[in-house]
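Numbering (the working numbering), first residue to last: 13 to 207.
This report refers to the structure that appears directly beneath it.
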Amino acid sequence: MGDGTLRISAPWNFSREEAERLMREKEEWIVGRLAHGSTFRRVNPAEFTHGCTVWYLGERYPVKYEKRGMSRMDFDGESFIFSSSDTRRFQSALDRFYLRTAKVVLAERMEYWSEKMDLHPKELKFRRYKSRWGCCSARNVITLNTRLLLYDMRLIDYVIIHELAHIRHKHHKKPFWSLVERYEPRWRELRRELV
Numbered sequence: 013m014g015d016g017t018l019r020i021s022a023p024w025n026f027s028r029e030e031a032e033r034l035m036r037e038k039e040e041w042i043v044g045r046l047a048h049g050s051t052f053r054r055v056n057p058a059e060f061t062h063g064c065t066v067w068y069l070g071e072r073y074p075v076k077y078e079k080r081g082m083s084r085m086d087f088d089g090e091s092f093i094f095s096s097s098d099t100r101r102f103q104s105a106l107d108r109f110y111l112r113t114a115k116v117v118l119a120e121r122m123e124y125w126s127e128k129m130d131l132h133p134k135e136l137k138f139r140r141y142k143s144r145w146g147c148c149s150a151r152n153v154i155t156l157n158t159r160l161l162l163y164d165m166r167l168i169d170y171v172i173i174h175e176l177a178h179i180r181h182k183h184h185k186k187p188f189w190s191l192v193e194r195y196e197p198r199w200r201e202l203r204r205e206l207v
């Protein structure tokens with residue numbers, strides 16, 4: 013469901029025990045689906061208002077506005093600086109900031125984990141997904157959601173480990189989760205924070 017909860021529908025002649033047993037048997041598959049179709053708990057404002065804050069690497073930061081020509085978002089370590097002649101360009105400036113930053117921050121984490129796991133994507137891409145954190149294609153192209161930058165490094169690393177594990181295992185069965193667990197033993201806890 014949209015709020016991260018799970019709803020089970022079963023035939024009328026299915027007992028509660030049978031439904032729970034089936035759910036336990038399919039737990040890995042369910043978890044995988046939830047991880048790929050999650051809703052986002054952290055959201056930034058869609059429009060600029062004085063006093064608003066935005067998420068970056070797990071922390072909220074204030075946004076300062078400077079009335080200037082071209083729309084741009086920058087981060088000085090303590091606050092975001094939104095420069096624009098039109099406050100309606102807030103969302104697009106923020107999206108461009110996350111994309112620009114993802115190409116550095118997320119790429120560095122991907123490089124770190126690729127070396128550590130000895131799993132290398134054919135290509136790394138970034139985009140703003142609406143309902144997934146990342147994906148690994150059949151050709152081993154990994155795409156990461158720029159919205160990962162709203163979260164702290166533990167969660168970013170978990171998603172990267174998860175996607176790299178798909179280079180070896182194109183499923184969410186036991187071998188996949190064993191590989192994830194080798195590099196991130198707290199994956200269950202971290203996954204719950206994301207969904």
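Backbone N, C-alpha and C define an ideal beta-carbon position, used for all residues, glycine too.
None of these values were measured; they are calculated from a predicted model.
query, result
"Proximal residues to Met165 (C-beta, below 8 Å), its chain only, five neighbours per side dropped", "Leu69, Gly70, Arg121"
"Cβ shell of Val192 (< 7 Å), same chain only, five flanking positions each side left out", "Ile173, His174, Ala177, Trp199"
"Local conformation of Ser96 per DSSP, three classes", "strand"
"Those residues which DSSP pairs with Lys79 across a bridge", "Ser96"
"DSSP state of Asp86 mapped onto helix, strand, coil", "strand"
"Nearest residue (CA-CA) to Arg80, options Glu37, Ser95, Lys134", "Ser95"
"Coarse secondary structure for Lys73, derived from DSSP in three states", "One detail in the question is off: residue 73 reads as Tyr in this sequence, not Lys. DSSP places Tyr73 in strand when its eight states are reduced to three."
"Counted within 10 angstroms of its Cβ, other Cβ atoms place Glu5 as buried (16 or more) or exposed", "Residue 5 lies beyond the stretch modelled for the chain, which goes from 13 to 207, so this question has no answer here."
"Within 7 Å, strictly: CB atoms of Ala105 and Arg84", "yes"
"Extent of the continuous alpha helix (DSSP H) to which Phe109 belongs", "102-129"
"Bridge-paired residues (DSSP) for Lys137", "Thr155"
"Limits of the unbroken beta strand (DSSP E) element including Val66", "65-68"
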